[in-house]
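In the working numbering, the protein residues as written are 44 to 211. Where a beta carbon is used, it is the ideal one built from N, C-alpha and C, also for glycine. Predicted, not measured: the structure shown is a model, and the values here were computed from it. Here the structure is laid out as structure tokens; the discussion comes afterwards.
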């Protein structure tokens, strides 16, 4: 029965040993354990706080990234619009310049054609006048081949000149 019920001396020393161990644990063990638990809790709390901050920063960075991306898209659209406007302006200027050059060339061509026409008309008139003079000369030589015909022709011309002078 000694196994189930310890003797009083053993019980006394076991109790003293228990209180000594409890006192040692109470004095140095539990504070060290509670300090370690507190430090661990503080470390976990700090880690959680830092994780939340990192999460917030990440969300802010994502928002800033989206904002920057939107700005970049807007800037890209503005640059493309300016490039299109510049292209249209350059094309417009080139078309205007081409139209002006075309109009100038057409004007010069018309002036040159008019000059050529006038020169051709002058040339034709000159040739017609020379031809008329030659024909008239030949006709007059044939008609006025005799002295009597020449005298009749001169009298008739003098009469016409006299009639014209009287009318004036």
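When DSSP states are grouped into helix, strand and coil, residue 48 belongs to the coil group.
Bounds of the alpha helix (DSSP H) holding residue 129 are 73 to 186.
In the displayed model, residue 189 falls within coil according to three-state DSSP, outside both helix and strand.
In this model, residue 130 and residue 151 are separated by some 31 Å (Cα to Cα). Inclusion of residue 193 and residue 187 in the CB contact set at 7 Å is warranted, their separation being smaller than that value.
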